[in-house]
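Trainee: Chains G and Y supply the protein sequences, listed in that same order.
Using our numbering, the first residue of the first sequence is number 1, and each one after it goes up by one.
Using our numbering, the first residue of the second sequence is number 1001, and each one after it goes up by one.
Each residue gets a CB set at the ideal place from its N, CA and C atoms; glycine is no exception.
Keep in mind that this is a model prediction, so the values were computed, not measured.
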Amino acid sequence: QQQVKQSPQSLIVQKGGISIINCAYENTAFDYFPWYQQFPGKGPALLIAIRPDVSEKKEGRFTISFNKSAKQFSLHIMDSQPGDSATYFCAASASSGGYNKLIFGAGTRLAVHP
Amino acid sequence: EAGVAQSPRYKIIEKRQSVAFWCNPISGHATLYWYQQILGQGPKLLIQFQNNGVVDDSQLPKDRFSAERLKGVDSTLKIQPAKLEDSAVYLCASSLDMPGFYGYTFGSGTRLTVV
């Protein structure tokens, strides 16, 4: 119940295309859903995050879509660029108890070809 | 603001040896986390500190791993003795101690290779 399942494992997109990564969870206590971007040799960096009281959040070319009833959320990268090539992790946490432990998905390796 | 500092960046040891990693979180961040990231997998929480107290170490292999956070600031993670399966990147992260959640800041990690 603590798992966050992420798909696909890897994704190849042409420059200018849309990249879509999906995640699903079981624990209904989760109330914070961030996406992290990780480049080789670096730690994950927060990209965008959403709470379950909204169904969509957009920041520049990055959009999170959230479906509370299906317990799914996804990351859309519009107009994908070669500089977006990285590994993306979805995550979830529950603020109950006040400890905010992040549970990560397995990651998606995105390659954007010129 | 300065980021989360970790050292060393890389470490190669033989199995059964011991190793220690160091983390300096962002100033003012009360919560500190150690994560293990095995190649091709997402980070997995090993231990979480609130100031200098442990609030979650349920996934820490306590027979070989130990961690401490002195004076609620810097932290060290130790492995003794190391096994081949401990080869991974060890990530330290910190966050503000506030209601709600404002995201972690991760360090660049220490890549451990056990041979």
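Need the endpoints of the beta strand (DSSP E) that G:Asn22 sits in, please.
Mentor: 19-25 is the span of the beta strand (DSSP E), which, as asked, contains G:Asn22.
Trainee: Please report the straight-line C-alpha distance between Y:Tyr1104 and G:Pro114, rounded to a whole angstrom.
Mentor: Each residue's alpha carbon lies about 32 Å from the other.
Trainee: Express the C-alpha separation of G:Ser7 and Y:Gly1100 in angstroms, rounding to a whole number.
Mentor: Summary for Y:Gly1100: the model assigns pLDDT 47, below 50, so the residue's position carries little reliability; its value from the coordinates is reported in the next sentence. Computed Cα separation, rounded: 28 Å.
Trainee: Skipping 5 residues on each side, what residues in its chain have a beta carbon closer than 6 Å to that of Y:Asp1074?
Mentor: Result list for Y:Asp1074: Asn1024, in chain order.
Trainee: Between which two residues does the beta strand (DSSP E) containing Y:Glu1068 stretch?
Mentor: From DSSP, the beta strand (DSSP E) with Y:Glu1068 extends over 1065-1069.
Trainee: Is any beta-carbon of chain G found at less than 8 Å from that of Y:Gly1103?
Mentor: Chain G contact via Cβ: present.
Trainee: In chain G, what lies closer than 7 Å to Y:Gly1117 by C-beta?
Mentor: There is simply no residue 1117 of chain Y to check, as chain Y begins at 1001 and stops at 1115 in what is shown.
Trainee: Among residues of its own chain, excluding the 5 on either side of G:Ser65, which ones have a beta-carbon nearer than 6 Å to its beta-carbon?
Mentor: Counting only Cβ-Cβ distances below 6 Å, and skipping sequence neighbours, we find Glu56, Ser74.
Trainee: If you reduce the DSSP assignment to three classes, tell me which class G:Pro34 lands in.
Mentor: The answer is strand: DSSP assigns G:Pro34 an E or B state.
Trainee: G:Phe30: buried (16+ other C-beta within 10 angstroms of its C-beta) or exposed?
Mentor: Label assigned to G:Phe30: buried.
Trainee: How big is the Cα-Cα spacing for G:Ala49 and G:Gln72?
Mentor: Approximately 14 Å, taken between the alpha carbons.
Trainee: So for G:Lys5, helix, strand or coil by DSSP?
Mentor: Note: G:Lys5 maps to strand in three-state DSSP.
Trainee: Does DSSP put Y:Arg1009 in a helix, a strand or coil?
Mentor: Here Y:Arg1009 sits in coil by DSSP.
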